[in-house]
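Note that full-length UniProt numbering has the sequence shown beginning at 1, numbered continuously upward. For glycine and all other residues, C-beta sits at the position ideal for the given N, C-alpha and C.
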Amino acid sequence: MTDAVDVVIVASAFGMDAVRTHGHLKWADASKRAGATGFEVRRELFADETDAAPQALRALGKEIAALGLWSVYSTPASLYMPDGGLDADALRVSIEEAIALGARFVKLQLGGFGAEAKAAVIADYMRCADVRLVVENGQLAEGGSLGQFTGLFEALEREGHAGLLGMTFDIGNWAWRDVAPLDAAGPLAAYVEYIHCKTTVGEGARRFPAAPAAGDTQFAAVLDKLPRHVPRGIEFPFDANRIDADAAHYVAWLAAA
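Right under this line is the structure:
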C-alpha cells in the first residue's frame, strides 16, 4: 500500500455563495472533520475587502492552524501582466497577505508570461518570505497554455533561478485550453508542487468542474505522472445535500489514490 498524501480542500468546493455568506472558518472546520490536512483560502470569496486586511488574515490563519490544518492562500491576481511584464505590485500584495495568513503556499495565476521571467526581481520579493510561490494553469488563453509554462521554467533556469517557484497543476483546467492533461503532465511534472484535482463536464462555455468518476483511468494516469509526495487539492463541488459525507469520501479517496 502506498503512503497517503496530504489532501487540501479548496474553499470553493463547498459552494462560492456558502463561503461568502458564512466565511472561510466554517468550511475550514468542515474540512478538518472530513480528514483533510490543509485548506485553501480563496481571496475572491471574501465577503468584503476588509477580510483581506492584515489583522483579519492573521486571525483567520490562527483559527485555521488551531484546527490542525495548514493553509494555501489563493488569489486571482496574475504574476505577469498582459504585455508580459512582471506585476510586481500583485506579487508583493499577494505575498504580504499570504504571510499574514501564515500560508504554506501563495498561489497566483501565471498571466501573460512571454519570454523573460524577471527571476531576480521575484527572488528579491521572496527572499524573506516564509511562503512558497506557485503559479497555476488557468482556463484562459493567457496563462493557460502548455508552452507558457515550459517557457517559464526554461527562463527561470536560463536566468539562474531554477527552483525559484513551483507550479499548481490544475488537471481540469487544461480542458478549457483543449490540452490533454496527460500531455501536459510529462513536461511539467518536475515543477509541480501542488495539484488541483477535478475533471470537467460539458463543452465550451458550458463546461463545469466535476468530481472524477470512479474508475476514471485518464485521471488516474495523470496522477501517476505527477509527483506522489505533493499535496492534492479538491476543487470540484461537493453535493450540497451530503456535504460532510461527500467531503470525507473524496478526502479518503484522494489520499490513497
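For the beta strand (DSSP E) assignment, the uninterrupted runs of no fewer than 3 residues enclosed by the region 149-224 are, from N- to C-terminal side, 166-170, 192-197, 199-201, 208-210. Within the DSSP bridge table, the entry for L133 names V106 as partners. The C-beta distance from A189 to V201 rounds to 26 Å, too long to meet the 8 Å contact threshold.
Separation of T50 and I95 (C-alpha to C-alpha, rounded to the nearest whole angstrom) is 17 Å.
Here DSSP, grouped into helix, strand and coil, assigns R242 to coil. Here A205 has no same chain residue with a Cβ atom under 6 Å from its own Cβ, once five neighbours each way along the sequence are excluded. In this structure, DSSP gives R127 a state outside helix and strand, which the three-state scheme calls coil. A Cβ-Cβ separation of about 17 Å leaves K107 out of contact with L86 under the 8 Å criterion.
Excluding residues up to 5 positions away in sequence, nothing lies with its Cβ nearer than 6 Å to the Cβ of G23 in the same chain. Per DSSP, reduced to three states, the secondary structure at R228 is coil, with no helix or strand assignment. Contact between I171 and P181 holds, since their C-beta atoms are separated by about 5 Å, short of 8 Å. For the pair of segments examined, the region 154-174 was found to touch the region 122-139: the number of CB pairs separated by less than 8 Å reaches three. In terms of Cα proximity to Q109, the closest of A59, L57, R43, G61 is R43. Residues R43, F46, E97 of the same chain have their beta carbon placed closer than 7 Å to that of A52, with the five preceding and five following residues left out of the count. Apart from sequence neighbours up to five positions away, the residues of its chain that approach L57 with a beta-carbon distance below 7 Å are E97, A100, L101, ordered along the chain. By DSSP's assignment, R42 forms a beta bridge with S74. Of the other Cβ atoms in all chains shown, fewer than 16 fall within 10 Å of the Cβ of Q218; this residue is therefore exposed. Annotated as distal: A13 and I195, with beta-carbon spacing of 7 Å or more. One alpha carbon belongs to L164, the other to A88, and they sit about 15 Å apart. Around V179, the same chain offers L146 as residues with beta carbons nearer than 7 Å, after the five sequence neighbours per side are excluded.
In this structure, A221 keeps its C-beta atom at 7 Å or more from the C-beta atom of A4. Around L156, the same chain offers A117, A119, A162, L164 as residues with beta carbons nearer than 6 Å, after the five sequence neighbours per side are excluded.
The alpha carbon of R228 has as its nearest neighbour, out of V192, A36, R207, F208, the alpha carbon of V192.
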